[in-house]
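Undergrad: One structure is given below, represented as structure tokens, and several questions about it will come after.
As structure tokens, then:
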């Protein structure tokens, strides 16, 4: 599909030929995820996570559709209908725990997928569009997950909805009308619940659509690889099927093992106890925290505590949205011609700091908003912005990178300095 | 240009947040936050009891659940509802159909109903299909009867508090005299396991033998009763826990075998003897063979 030597689909069986002439769906699958898609031969396990994220979405849609058959989106019925699912629906507890923990699994694999992209420079030319479509998927995921968390109508659902929609209230002039428009009232209530349910059902299919664009855009240049060196010859690649389908099969097995451990033995580990208390507009919980996958952003939001020209709350909201939106500009902020972090010694150090920084932000975001967590998250927030907006642009100007291998094939030599090309194949190094 | 603007925006955000850090740090140093009474006296739940349902293979102890249900019925149900549990669910903890019918029939609280002749509000005895009726018709009545405090429904209590059954057990056995100088407001009771230390509930389990257990059961000490009712509330919060554990082990075994097979097939495909790579790479075993043969033929020793 993407490389000139990609194999053309040539159905052998008359039936497949018949199908292919009328609806070339097998041709599409063959070129997209079959033997017709040549993939760099040196992908490591970090390249499994795109497939795993797609799998997580599929699982969420399947469990979610069945849950929607038993769930009632009413302010007086929602909480009890969730308990009805847990107690009276056959295997309902499994469906609900699979859906709740499936969301966590979805975010875990997506975060690894994103950080894979950050380390190996997957956002750089010619894959900017793949990266930006991925960020759109991420934003849609966050919206979907947030609205899904509101549906059980527990205490955290209710107060989370109030706090998160309240963020829009910080926008000058139009903030309050926007918040009321989102909620369908002055506080979370029946209109909020029904519209969130409707959108929570809709958005996953929008995500699926953007994923198709994401994969389409990926297939134009083809997959990146850990060296960041472009594919130069046929010997640098392997067909997606059977090589990477087999590798993904192993990844899927590990995914399901972790997933099953969560669902069957620690289903509430990622949840908050307060969400087993029915929503009560008159009683504010001692601490309002979102789900774990929002903690880093929540920490950024809360670390702006001082007014400076703008009110502190507006700074927090601006910073929180900017922390994600700045990623859209990453391909132009980081102009280093070397994609892979493996050949950028200084970048590697800063990338390590960034990982630690985001983990610290996550920990602070899940803690109470008191000292010393506030001070720590303020320092971590400062580093987050400096990393992407100051360090990366400057690094791409001054960093001295390590020499790149001449080709993917050369990079996979096992400890040999160089290797004679096999009979009949032009040496890759000669290119 | 983007990079220039980016650096400006980045420095801007960093400046504002570091300004906030400066203020916060200055306030932290000049006037360190005072330790609140909650932070000083509050205790985390004790994990000194080992329940049968803990751990990946944990099962409920039905004898214990039945004792706990007895404690709920004779003590807790005076003030607390258990609305998510139906009488029919009690079959799951070992009661027979006849026993469940008797429990429903003799339940201290009635179901709201209507008079079939006049349509006026009335009450009736519960049947096994009913959810367990609580002591109060509504929250207003509950508050009126309890100095404006609302006794929460207990169905999900073991999942709605950090520590679950350990929290409930600690709370029930944690009533004590307040530390010297600690003022307990009127109608409240000091309990260091409760979030804000002062709980409206008076100590419910006060004396050994408050509930009379049937023969073959342990002595009903306060601690034993607290353990039993905590275990019962874990069941009422998560009745599917035992099934979940029972299903989970074979699922994990199945997935483990499937994953091992997937790994072996991955290895087989990548290193198989009949590897069909259209464009063979230099490290391909076939190529290595050809290369060595070519070297031999050329008389080159590697």
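Chains as they are written, first to last, in our numbering: chain A, 1 to 431; chain B, 1 to 302.
Glycine included, each C-beta is placed from N, C-alpha and C at the ideal position.
All figures in this text were calculated on a predicted structure; none of them were measured in a lab.
(1) Shorter than 8 Å from the beta carbon of residue 263 of chain B to some beta carbon of chain A?
(2) Do residue 275 of chain A and residue 177 of chain A count as a contact pair if the criterion is CB distance below 8 Å?
(3) At the 8 Å Cβ level, is residue 151 of chain A part of the contact set with chain E, yes or no?
(4) Taking only the alpha-carbon atoms, compute the straight-line gap between residue 142 of chain B and residue 135 of chain B and give it to the nearest angstrom.
(5) Residue 278 of chain B by DSSP, collapsed to three states: which one?
(6) Give, in chain order, every residue of the segment 247-265 of chain A whose Cβ lies closer than 8 Å to some Cβ of chain B.
(7) List, from N- to C-terminal side, the alpha helix (DSSP H) runs of 4 residues or more that fit wholly inside the segment 108-179 of chain B.
(8) How many Å lie between residue 328 of chain A and residue 350 of chain A at the Cα?
(9) Can you name the start and end residues of the alpha helix (DSSP H) that residue 250 of chain B belongs to?
(10) Quick check on residue 214 of chain B: buried or exposed, where buried means 16 or more other Cβ atoms within 10 Å of its Cβ?
(11) Out of A/35, A/360, A/74, which has the shortest C-alpha to C-alpha gap to residue 278 of chain A?
(12) What would DSSP say about residue 137 of chain A, mapped onto helix, strand or coil?
(13) By DSSP, does residue 199 of chain B sit in helix, in strand, or in coil?
(14) Shortest alpha-carbon distance to residue 320 of chain A belongs to which of A/361, A/263, A/405?
(15) Can you tell me where the beta strand (DSSP E) with residue 238 of chain A in it begins and where it stops?
(16) Only counting runs of 3 or more residues, tell me where the beta strand (DSSP E) segments fall wholly within the segment 76-118 of chain A, in order along the chain.
(17) What is the DSSP secondary structure of residue 385 of chain A, reduced to helix, strand or coil?
(18) Nearest-angstrom Cα distance between residue 200 of chain A and residue 271 of chain B?
(19) Chain A partners of residue 259 of chain B, CB-CB under 8 Å?
(20) Ignoring anything shorter than 3 residues, give me the beta strand (DSSP E) runs that lie fully in the segment 7-55 of chain A, in order along the chain.
(21) What does residue 84 of chain B touch in chain A if you count any residue whose Cβ is under 8 Å from its own?
(22) Pick out the complete beta strand (DSSP E) segments inside the segment 211-239 of chain A, 3 residues or longer, and give them in chain order.
(23) Could you tell me whether the Cβ of residue 162 of chain B comes closer than 8 Å to any Cβ of chain A?
(24) Closer than 7 Å by beta-carbon distance: list the chain B residues that pair up with residue 243 of chain A, in chain order.
(25) On the three-pair Cβ rule with 8 Å, is the segment 134-143 of chain A touching the segment 197-217 of chain A?
(26) Report the three-state DSSP secondary structure of residue 361 of chain A (helix, strand or coil).
(27) Give me whichever residues DSSP pairs with residue 308 of chain A in a beta bridge.
(28) Within a Cβ cutoff of 6 Å, which residues of the same chain sit near residue 185 of chain A, ignoring the five residues on either side of it in sequence?
(29) What residue from B/117, B/20, B/133 has the CA that sits closest to residue 310 of chain A's CA?
(30) Comparing C-alpha positions only, which one of A/92, A/369, A/221 sits nearest to residue 126 of chain A?
(31) Tell me residue 189 of chain B's beta-bridge partners as DSSP assigns them.
(32) Can you tell me where the alpha helix (DSSP H) holding residue 296 of chain A begins and where it ends?
(33) Do residue 265 of chain A and residue 164 of chain B count as a contact pair if the criterion is CB distance below 8 Å?
(34) Please list the terminal residues of the continuous alpha helix (DSSP H) segment that includes residue 37 of chain B.
(35) Since residue 44 of chain A meets chain B, which of its residues come closer than 8 Å, beta carbon to beta carbon?
(36) Use the C-beta contact count for residue 147 of chain B: other C-beta atoms within 10 angstroms, 16 or more gives buried, fewer gives exposed.
TA: The answer reads as follows:
(1) yes
(2) no
(3) Among the protein chains of the structure shown, namely A and B, there is no chain E.
(4) 8 Å
(5) Annotation note: pLDDT 42 at residue 278 of chain B (below 50); position unreliable, no value reported.
(6) 247, 249, 250, 252, 253, 254, 256, 257, 260, 261, 263, 264, 265
(7) 139-145, 157-160, 165-172
(8) 20 Å
(9) 241-271
(10) exposed
(11) A/74
(12) helix
(13) strand
(14) A/361
(15) 237-239
(16) none
(17) helix
(18) 45 Å
(19) 250, 253, 254, 256, 257
(20) 38-40
(21) 80, 83, 87
(22) 237-239
(23) yes
(24) 269, 270
(25) yes
(26) helix
(27) A/310
(28) 191
(29) B/20
(30) A/221
(31) B/199
(32) 295-303
(33) no
(34) 37-41
(35) Near residue 44 of chain A there are no residues of chain B at all, since even the closest Cβ is about 13 Å away, more than 8 Å.
(36) exposed
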